[in-house]
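For reference, the structure discussed in these notes is given below.
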Amino acid sequence: MNMITGYYQLPLVLLSIFIACAASYAALDLGIRIDKTKGRLRYLWLWGGAITMGMGIWSMHFIGMLAFHLAVPVTYHLPLVIVSIFPAILASGLAFWMVSRSSLKAFQVIFGALLMAAGIVSMHYIGMKAMIVQGGIIYNPWLWWLSAVIAFVTSLAALYLLFSIQQDSGKGKLWMRKTVSALIMGFAIAGMHYTGMSSASFTHHEHHLAVPGTSFNPVYLAYAIGIGMLFVLGLVFISLFIDQRFESQVLKSERKFRSVIESANDAIILASSEGIIISWNQGAQHIFGFEKSEVIGQNLQMIIPERFRTAHQQGMERYLETNKPYVIGKTVELEGRRKDGCEFPIELSLAAWTEENETYFSSIIRDITDRKKAEQKINQMVYRDSLTGLPNRLLLMDRMEKALEYAEMNQQMIGMMFIDLDRFKIINDTLGHVTGDQLLIETAKRLEGCTDKTDTVSRQGGDEFLVLLPNTASGEITQKAARILQAFSDPIVIDEQELYITPSIGISVYPSDGKDKETLIKNADTAMYRVKEDGKNHFQFYTPGMNEAQSRKIRLEIGLRRGLKNGEFTVYYQPQFNIHSDELVGVEALLRWEHPEFGNISPAEFIPLAEESGLIVPLGEWVLYEACRQNKAWQEAGYPFIRVAVNVSSRQFQQTSLVEAIRRTLEETGLDPQYLELELTESIIQDSKHAISMMNNLKAMGVHLSIDDFGTGYSSLSYLKLFPIDSLKIDRSFTSNIFADTKDMALVSTIIAMAHNLELKVIAEGVETQEQLQFLQQGLCNEAQGYLFSRPISPEEIAVIFDDKAAVLPQ
Numbered sequence: 011m012n013m014i015t016g017y018y019q020l021p022l023v024l025l026s027i028f029i030a031c032a033a034s035y036a037a038l039d040l041g042i043r044i045d046k047t048k049g050r051l052r053y054l055w056l057w058g059g060a061i062t063m064g065m066g067i068w069s070m071h072f073i074g075m076l077a078f079h080l081a082v083p084v085t086y087h088l089p090l091v092i093v094s095i096f097p098a099i100l101a102s103g104l105a106f107w108m109v110s111r112s113s114l115k116a117f118q119v120i121f122g123a124l125l126m127a128a129g130i131v132s133m134h135y136i137g138m139k140a141m142i143v144q145g146g147i148i149y150n151p152w153l154w155w156l157s158a159v160i161a162f163v164t165s166l167a168a169l170y171l172l173f174s175i176q177q178d179s180g181k182g183k184l185w186m187r188k189t190v191s192a193l194i195m196g197f198a199i200a201g202m203h204y205t206g207m208s209s210a211s212f213t214h215h216e217h218h219l220a221v222p223g224t225s226f227n228p229v230y231l232a233y234a235i236g237i238g239m240l241f242v243l244g245l246v247f248i249s250l251f252i253d254q255r256f257e258s259q260v261l262k263s264e265r266k267f268r269s270v271i272e273s274a275n276d277a278i279i280l281a282s283s284e285g286i287i288i289s290w291n292q293g294a295q296h297i298f299g300f301e302k303s304e305v306i307g308q309n310l311q312m313i314i315p316e317r318f319r320t321a322h323q324q325g326m327e328r329y330l331e332t333n334k335p336y337v338i339g340k341t342v343e344l345e346g347r348r349k350d351g352c353e354f355p356i357e358l359s360l361a362a363w364t365e366e367n368e369t370y371f372s373s374i375i376r377d378i379t380d381r382k383k384a385e386q387k388i389n390q391m392v393y394r395d396s397l398t399g400l401p402n403r404l405l406l407m408d409r410m411e412k413a414l415e416y417a418e419m420n421q422q423m424i425g426m427m428f429i430d431l432d433r434f435k436i437i438n439d440t441l442g443h444v445t446g447d448q449l450l451i452e453t454a455k456r457l458e459g460c461t462d463k464t465d466t467v468s469r470q471g472g473d474e475f476l477v478l479l480p481n482t483a484s485g486e487i488t489q490k491a492a493r494i495l496q497a498f499s500d501p502i503v504i505d506e507q508e509l510y511i512t513p514s515i516g517i518s519v520y521p522s523d524g525k526d527k528e529t530l531i532k533n534a535d536t537a538m539y540r541v542k543e544d545g546k547n548h549f550q551f552y553t554p555g556m557n558e559a560q561s562r563k564i565r566l567e568i569g570l571r572r573g574l575k576n577g578e579f580t581v582y583y584q585p586q587f588n589i590h591s592d593e594l595v596g597v598e599a600l601l602r603w604e605h606p607e608f609g610n611i612s613p614a615e616f617i618p619l620a621e622e623s624g625l626i627v628p629l630g631e632w633v634l635y636e637a638c639r640q641n642k643a644w645q646e647a648g649y650p651f652i653r654v655a656v657n658v659s660s661r662q663f664q665q666t667s668l669v670e671a672i673r674r675t676l677e678e679t680g681l682d683p684q685y686l687e688l689e690l691t692e693s694i695i696q697d698s699k700h701a702i703s704m705m706n707n708l709k710a711m712g713v714h715l716s717i718d719d720f721g722t723g724y725s726s727l728s729y730l731k732l733f734p735i736d737s738l739k740i741d742r743s744f745t746s747n748i749f750a751d752t753k754d755m756a757l758v759s760t761i762i763a764m765a766h767n768l769e770l771k772v773i774a775e776g777v778e779t780q781e782q783l784q785f786l787q788q789g790l791c792n793e794a795q796g797y798l799f800s801r802p803i804s805p806e807e808i809a810v811i812f813d814d815k816a817a818v819l820p821q
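Numbered per my numbering, the sequence shown spans residues 11 to 821.
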């Protein structure tokens, strides 16, 4: 047995090393592609890479074997050659599978390197086994083990380089690192191969029989394999280049998309089907307060208020199970939770998509705190009273409509209170609107304090309030009304002033007093006016009869305006006599109204209406003019000159133009001022400064002044010495009770004595009996009027009295 020596063809050796380096470079690129793909494409790249790298290692190995030239013929066992390819592919596949994992532990790397080394060693020595030499192959055990160790170290290096390149794929100058790493891997693989080849010694027997094999020219075969492998690697590089360009375009688009996402003010969050956050933009950081590093990999539950987390989880599970969109594709308003734990309103647009059998959710979230505040402000303006913050009429009508629907379905009772504040106008006019506004605000608070949360206290305007009491009973309504009255028994303190104000409350009840909003409010209003008429500061339930009275009142008020234009009013006159000389000394002008529908209307009924509506001013001016004109007509007819007394209402007296109006009337009618007497009530002249100034102006004109209904008012007696008055008029309530009540008798005597002491004339009204006249004559009363002398009569009847009595002008 002779030892055979051989030699290497350098071009083929260099070709094998080049293929090893090229295959390593391709493997590094393929490793990056595997890491960036998912699903089926990931496995396609993995096995494509395993085949490419495995074939590259095998090609390098086989070309290296063909580069070795022996002096004896060498053939190869083709089946074994083909078998040797598979360990290389399996070893490469194992390498790619390991580096595609997100992390590698030390024992995993070592174990994987051992399996790869076993595959490479198997490939090498199966390939060596396929060599058929006329003789045999003897291996040096030390070099054999050295080649195995080199295979293990090469596998370790390959795993490390593949994993590190893959993990650092996003860093700059990657091509330089890949080139250096590919050279290291290529030379390491070549080193393992040629070390293994060095461990083999070839022997030759002269009479050794040839073993059947495949005979071919090794040089041509090596170049053919090399060219073929380079072609394959070229295709791989071309596909990688195309994929890289495509990926570059995708990355460019993704960067643009990412820049748009990052510049958005809204939070844009991507999450997996398990609710794990995988993307978090600057808008989300600004809105929720979490840094990206704090939330990536965490569950979405961290930005959801705790009370909503279960419902959110159930919603995600329901969608994943049924694929039915309940919220997906819609915009909804929810609550979000910031890093500091505070909750705030958000608007959420949710979308879902499936990629590689995985479902993902994208959320666009907007902080709508400012919008909610604006909506609340608008709602406050539209549905709330700007002064008190109470619901206005619009909101009340909406709540009434819902309450009526619910009450109809459930056979329930509803209460409606109409509240008007007594004496509010006086306080508002006297102390100013600022004080009036504060009074209304405090009133609103007290009303709310007397009602339940289910009730609605509404301000309708001015000093009117409505209270809706749903699902109630008559007893509860009565208790709440009494509670409101009690609440206003205490003063309201504003700017250290104690103000007393009382409510008049009208009440209507559904369904007995009305089945719609308008009827209930109208009937409660009617009941409130009845309370006003009965003395105020009380409550009254509506009764059907009130509507008739209210209807008449409204029609009379309308008729007042029409009557003044249509000449329905006339002036009657009640004579006044000197009770000692039986002479006619004057008349009192009294207004009468003949309504075309209701007939003769009592002044006690229409005068208050005229006061409320303000029509008393034009009516009073008309009466004044008519009385002055008539008196002048009597004078021109040759009758004795007497005074005509005209009542002045409180509204007239408050007019700053009153003096001028009287002056103009006297000038137009031609009546001398001394024949006009103005009757003022005590209540009119409460404001002494204004009253004294007004009365002094009238007195300077020559008009006579008297205080009507003396004793029924509440002015101080000290005013009598200040007012420039000429006479006092004793009220009929005292005159008629002279003999029925000794106190009234004493009062009448006292008034007459006091007036004489103040040099004032006294006239008594309401004299109906001879006994009353005799008492007044004994008490030295000056004048009297009443049914004992004459009822109020027309101007023509007064002329008859002039003729019968032969009246003369009093001196």
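Quick reminder that beta carbons are idealized off the backbone N, C-alpha and C, glycines included.
With a cut-off of 8 angstroms on the beta carbons, I'd call residue 624 and residue 603 a contact; round off their distance for me. The sequence position of residue 624 within the sequence shown is 614, counting from 1. The sequence position of residue 603 within the sequence shown is 593, counting from 1. In fact, because the Cβ distance is near 17 angstroms, the residues do not count as touching under 8 angstroms.
Return the residue from the list 312, 361, 321 that minimises the CA-CA distance to residue 335. The residue you call residue 335 lines up with position 325 of the sequence shown. The shortest Cα separation from residue 335 among 312, 361, 321 belongs to 361.
Given residue 767 as reference, the closest of 738, 469, 745, 780 once Cα atoms are compared: Against the sequence shown, residue 767 aligns to sequence position 757. Of 738, 469, 745, 780, the residue nearest in Cα terms is 738.
Sequence-distant residues of the same chain with beta carbon closer than 8 angstroms to residue 810, five excluded per side: Working through the sequence shown from its first residue, we reach residue 810 at position 800. Result list for residue 810: empty, nothing under 8 angstroms.
Cβ distance (whole Å) where residue 675 is taken to contact residue 619 below 8 angstroms: Residue 675 sits at position 665 when you count from the first residue of the sequence shown. Residue 619 sits at position 609 when you count from the first residue of the sequence shown. Actually they are not in contact, since the Cβ atoms of residue 675 and residue 619 sit about 24 angstroms apart, beyond 8 angstroms.
Taking buried to mean at least 16 other C-beta atoms within 10 Å of its own C-beta, is residue 181 buried or exposed? The sequence position of residue 181 within the sequence shown is 171, counting from 1. Bear in mind that the predicted position of residue 181 carries a pLDDT of just 47, short of 50, making it unreliable; the figure below should be weighed with that in mind. By the neighbour-count rule (16 or more Cβ atoms within 10 Å), residue 181 is not buried but exposed.
Please identify the residue among 524, 799, 756 whose C-alpha is closest to the C-alpha of residue 418. Translated into the one-based positions of the sequence shown, residue 418 becomes position 408. Taking only the C-alpha atoms, the option nearest residue 418 is 524.
Cβ-based burial, residue 277 [other Cβ within 10 Å; buried from 16]: Taking the first residue of the sequence shown as 1, we reach residue 277 at position 267. Looking at its Cβ environment, which holds 16 or more other Cβ atoms inside 10 Å, residue 277 is buried.
What's the call for residue 782, buried or exposed, on a 16-neighbour Cβ count within 10 Å? Your numbering for residue 782 matches position 772 in the sequence shown. The residue is buried, with at least 16 neighbouring Cβ atoms inside 10 Å.
Which whole-angstrom value is the C-beta distance of residue 428 and residue 534, which I expect to be below 8 angstroms? Position 418 of the sequence shown, counted from the first residue, corresponds to residue 428. Position 524 of the sequence shown, counted from the first residue, corresponds to residue 534. Confirmed, about 4 angstroms.
At the level of alpha carbons, what is the spacing between residue 692 and residue 718? Along the sequence shown, read from residue 1 onward, the residue named residue 692 stands at position 682. Along the sequence shown, read from residue 1 onward, the residue named residue 718 stands at position 708. In a straight line, the C-alpha of residue 692 is about 7 angstroms away from that of residue 718.
Going by C-alpha distance, which of 452, 283, 590, 588 is nearest residue 325? The sequence position of residue 325 within the sequence shown is 315, counting from 1. With distances taken between Cα atoms, residue 325 lies closest to 283.
Closest to residue 586 by CA distance: which of 792, 386, 506 is it? As a first step, residue 586 must be located in the sequence shown, where it is residue number 576. Residue 792 is the option with its Cα nearest to residue 586.
Given a cut-off of 9 angstroms on the beta-carbon distance, is the pair residue 416 and residue 521 in contact? For the purposes of this step, residue 416 is identified with residue 406 of the sequence shown, where counting begins at 1. For the purposes of this step, residue 521 is identified with residue 511 of the sequence shown, where counting begins at 1. Taking 9 angstroms as the Cβ cut-off, residue 416 and residue 521 do not qualify as a contacting pair.
Pick from 279, 637, 287, 654 that is closest to residue 297, judged by C-alpha positions: Your numbering for residue 297 matches position 287 in the sequence shown. With distances taken between Cα atoms, residue 297 lies closest to 279.
Validate contact between the region 403 to 411 and the region 467 to 482 using beta carbons, cut 8 angstroms, 3 pairs: yes
Suppose you measure from the CA of residue 358 to the CA of residue 513; what does that come to, to the nearest Å? Residue numbering aside, residue 358 sits at position 348 when the sequence shown is read from its first letter. Residue numbering aside, residue 513 sits at position 503 when the sequence shown is read from its first letter. Cα to Cα, the separation comes out at about 50 angstroms.
Runs of 3 residues minimum, wholly inside the region 355 to 389: which ones carry the beta strand (DSSP E) assignment? 368 to 377
Starting from the Cα of residue 548, find the closest Cα among 61, 517, 526, 562 and give me that residue. Against the sequence shown, residue 548 aligns to sequence position 538. Here the closest residue by C-alpha is 517.
Is the region 305 to 320 touching the region 339 to 350 in the sense that three or more CB pairs, one from each, lie closer than 8 angstroms? yes
Applying the criterion that 16 or more other CB atoms from any shown protein chain within 10 Å of the CB defines a buried residue, is residue 556 buried or exposed? As a working mapping, residue 556 is identified with position 546 in the sequence shown. That one is buried.
By alpha-carbon positions, which one of 290, 281, 286, 285 ends up nearest to residue 275? Mapped onto the sequence shown, residue 275 falls at position 265. That would be 290, whose Cα lies nearest to the Cα of residue 275.
Between residue 397 and residue 473, how many whole angstroms is the CB-CB distance? I'm expecting something under 8 angstroms. Locating residue 397 in the sequence shown gives position 387, counting from the first residue. Locating residue 473 in the sequence shown gives position 463, counting from the first residue. Their Cβ separation, rounded to whole angstroms, is 11 angstroms, which puts residue 397 and residue 473 out of contact at 8 angstroms.
State yes or no: is the C-beta of residue 794 within less than 9 angstroms of the C-beta of residue 775? In the sequence shown, the residue the question calls residue 794 occupies position 784. In the sequence shown, the residue the question calls residue 775 occupies position 765. Yes.
State the DSSP-derived secondary structure class of residue 642, mapped to helix, strand or coil. If you number the sequence shown from 1, residue 642 lands on position 632. It is helical.
Thinking just about the alpha-carbon of each residue, which of 457, 464, 550 is nearest to the one in residue 540? Taking the sequence shown and counting its residues from 1, one reaches residue 540 at position 530. For residue 540, the nearest C-alpha among the options comes from 550.
Proximity of residue 596 and residue 672 at Cβ, strictly below 9 angstroms: Here the question's residue 596 lines up with position 586 in the sequence shown. Here the question's residue 672 lines up with position 662 in the sequence shown. In this structure, residue 672 does not lie closer than 9 angstroms to residue 596 by Cβ.
Use the C-beta contact count for residue 819: other C-beta atoms within 10 angstroms, 16 or more gives buried, fewer gives exposed. One-based indexing of the sequence shown puts residue 819 at position 809. Low confidence applies to residue 819: its pLDDT is 35, below 50, so where it sits in the model is not reliable enough to give any reading.
Contained alpha helix (DSSP H) runs [length at least 4] in the region 534 to 576, N- to C-terminal order: 554 to 576
Taking CB distances under 9 angstroms as the criterion, tell me whether residue 779 reaches chain C. The structure shown contains no chain C; it holds only a single protein chain.
Cα-Cα separation, residue 151 to residue 69: Your numbering for residue 151 matches position 141 in the sequence shown. Your numbering for residue 69 matches position 59 in the sequence shown. Spanning the two alpha carbons is a distance of roughly 25 angstroms.
Residue 600 and residue 581 closer than 9 angstroms at C-beta: On the sequence shown, residue 600 is found 590 positions in, with the first residue counted as 1. On the sequence shown, residue 581 is found 571 positions in, with the first residue counted as 1. Result yes, Cβ atoms of residue 600 and residue 581 sit closer than 9 angstroms.
Are at least three pairs of beta-carbons, each pair with one atom in the region 639 to 646 and one in the region 663 to 671, less than 8 angstroms apart? no
So what does residue 579 bridge to, in DSSP terms? Here residue 579 refers to the residue found at position 569 of the sequence shown. Paired residues: 603.
Closest by C-alpha distance to residue 764, when choosing among 790, 611, 21: Here residue 764 corresponds to residue number 754 of the sequence shown, with the count starting at 1. Checked all of 790, 611, 21; the closest Cα to residue 764 is 790.
Return the chain-ordered ranges of every beta strand (DSSP E) run that is complete within the region 654 to 727 and spans a minimum of 3 residues. 686 to 691, 714 to 720
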